[in-house]
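Letter by letter, the sequence shown follows residues 26 to 308 of my numbering.
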Amino acid sequence: MPKDGCYFMKVVSVVGYKNTGKTDIVTKIIRKLVKKGSVGTIKHMRSHEFIDPDTDTGKHFAAGAEIVSGIVNSGVITYSKSSSIEDSLNTLADNGIDFAIVEGGKETDLPKIIIENGSGLCDLTNIVAKISLHEEQEIEYLVEIILSLPDWETLGSLIKKAKLNPDIKECGAIGTFTGIVREQTGNLKTRMLVFEKYEDVAEQKIQDICKSLKQKEGINEVLIHHKSGMIKPGQDIVYIVIAASHRHQLFPALSEAIERLKAEVPVWKKEFTFDGEYWVHDK
């Protein structure tokens with residue numbers, strides 16, 4: 026269990042020009058964060074290659090294996106054909122990591138700590154902090170920024186949290202709901218949806234729903250997460266996880282959670298189709 030009670034993963038990228046000390050800053054942040062929870066890292070390694078064609082694992086990969094894992098004395102090395110940072114972050118979250126640091130990732134929309142060394146980085150999006158020195162006080166400041174960042178949740182991380190609840194020993198079922206973006210509705214084809222949340226109010230309403238449902242007999246845990254921003258067809262929008270003593274208690278609570286989320290939480294949806302765009306509540 027995380028040392029400071031963190032259950033949802035905080036994500037930040039550290040961005041700077043080559044030889045500006047990114048790795049040094051990342052390692053200093055890691056040393057601070059491991060006192061608060063588990064840490065995972067991701068690094069762009071465009072000029073490095075893990076899969077040697079002369080090794081057995083390299084031959085597996087060359088033959089068409091999607092994922093190759095090698096067990097070595099110091100741990101497990103896993104190599105995947107996916108080069109998506111999002112996929113890598115989801116894997117860390119599913120494994121219960123509390124803090125994820127991406128070294129690099131200028132092209133992403135992730136929260137960014139930039140190392141000041143020229144004006145070019147100022148054009149990046151979602152800059153949450155700037156750093157010019159590697160001093161203790163500045164690293165402490167960066168840690169506080171990271172602790173305040175939005176959570177990165179997956180269905181797997183929510184299930185893991187539900188199982189960490191001490192009352193899980195009384196549960197016989199965990200039920201989940203995942204809402205995704207539907208691409209085709211009749212003759213209408215969706216390009217993407219954009220969700221906007223009245224953040225503080227929305228999160229409070231979600232917590233109110235969870236607290237209310239947990240008052241029902243046999244319901245031990247209720248966790249809800251609704252994403253915001255741009256979401257493409259087939260991608261996840263919302264997760265609901267409920268742990269209950271029995272299945273006949275679980276399913277009504279899961280259904281109620283879905284309906285109350287839609288009715289009570291201030292989340293606005295804008296739909297972009299090939300025929301135009303509109304706010305769904307306006308339509």
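Even glycine gets a Cβ: it sits at the ideal position worked out from N, Cα and C.
Taking only runs of the beta strand (DSSP E) that begin and end inside the segment 124-179, which ones reach a length of at least 3 residues, in chain order? The segment 124-179 contains, as complete beta strand (DSSP E) runs of 3+ residues, the segments 124-128, 137-140 and 152-156 (chain order).
I need the DSSP call for residue 209, collapsed to helix, strand or coil. Strand.
In terms of residue numbering, what span does the alpha helix (DSSP H) encompassing residue 294 cover? No alpha helix (DSSP H) contains residue 294, which is instead part of the beta strand (DSSP E) from 292-298.
Can at least three beta-carbon pairs, one atom from the segment 73-87 and one from the segment 169-184, be found at a separation below 8 Å? Touching, no, given that fewer than three Cβ pairs across the two stretches are closer than 8 Å.
Threshold first: 3 residues or longer. Then list the beta strand (DSSP E) segments lying entirely within the segment 56-117, N to C. Counting only runs of 3 or more, we get 64-68, 92-97 and 100-105.
Name the two residues that bound the continuous alpha helix (DSSP H) containing residue 273. Where residue 273 is concerned, the enclosing alpha helix (DSSP H) starts and stops at 272-289.
CA-to-CA distance, residue 132 to residue 233, given in whole angstroms: If I take the Cα positions, the gap works out to 37 Å.
Status (buried if at least 16 other CB within 10 Å, exposed otherwise) for residue 189: By the 10 Å Cβ count, residue 189 comes out exposed.
Measuring straight from C-alpha to C-alpha, what distance separates residue 247 and residue 222? A direct Cα-Cα distance of roughly 20 Å separates residue 247 from residue 222.
Sequence-distant residues of its chain with Cβ nearer than 8 Å to residue 197 (five each side left out): Excluding the 5 residues flanking it on each side, residue 197 has same chain C-beta neighbours closer than 8 Å at 269, 270, 271 and 272, in chain order.
Distance, Cα to Cα, residue 203 vs residue 238? Distance between the alpha carbons of residue 203 and residue 238 is about 18 Å.
Can you check whether the CB of residue 149 is closer than 9 Å to the CB of residue 140? Going by C-beta atoms, residue 140 is not nearer than 9 Å to residue 149.
Extent of the continuous beta strand (DSSP E) to which residue 35 belongs: Element bounds for residue 35: 34-40.
Can you name, in chain order, every residue of its own chain whose Cβ lies under 7 Å from the Cβ of residue 279, other than the five neighbours on each side? Cβ neighbours of residue 279 within its own chain (closer than 7 Å, five residues either side excluded): 200, 202, 265 and 267.
Quick one: residues in its chain with C-beta nearer than 6 Å to the C-beta of residue 219, no 5 flanking neighbours on either side, listed in chain order? Close CB contacts of residue 219 within its chain, under the 6 Å cut and outside five residues either way in sequence, are with 255 and 295 (chain order).
Within the chosen definition, does the segment 32-52 reach the segment 106-120 through at least 3 CB pairs nearer than 8 Å? With contact defined as three or more Cβ pairs closer than 8 Å, the segment 32-52 and the segment 106-120 are in contact.
Whether residue 54 touches residue 205 by CB criterion (9 Å): Against a cut-off of 9 Å, the Cβ pair of residue 205 and residue 54 comes out as no contact.
Could you check the C-alpha separation between residue 302 and residue 216 for me, to the nearest Å? Residue 302 and residue 216 have their C-alpha atoms roughly 10 Å apart.
So the beta strand (DSSP E) residue 266 belongs to, where does it begin and stop? Following the DSSP letters along the chain, one finds residue 266 inside the beta strand (DSSP E) bounded by residues 261-269.
In chain order, what residues of the same chain have a beta carbon less than 7 Å from the beta carbon of residue 167, not counting five sequence neighbours either side? Short of 7 Å from the beta carbon of residue 167, and not among the five residues preceding or following it, lie these beta carbons of its own chain, in chain order: 54, 138, 154 and 156.
With distance defined between alpha-carbon atoms, name the residue in 171, 291, 183 and 87 nearest to residue 224. Checking every option, the nearest Cα to that of residue 224 belongs to 291.
Would you say residue 121 and residue 57 are within 9 Å of each other, going by their C-beta atoms? Remark: C-beta atoms of residue 121 and residue 57 do not approach each other more closely than 9 Å.
Does the distance from the C-beta atom of residue 65 to that of residue 159 stay below 9 Å? No; because the gap between Cβ atoms is not below 9 Å, this pair is not in contact.
What would DSSP say about residue 215, mapped onto helix, strand or coil? The answer is strand: DSSP assigns residue 215 an E or B state.
Could you tell me which residues DSSP pairs with residue 204 in its beta bridges? Paired residues: 263.
Return no unless some Cβ of chain D is closer than 9 Å to the Cβ of residue 233. Here there is only one protein chain, and chain D is not present.
Can you tell me whether DSSP reads residue 256 as helix, strand or coil? Three-state result, residue 256: strand.
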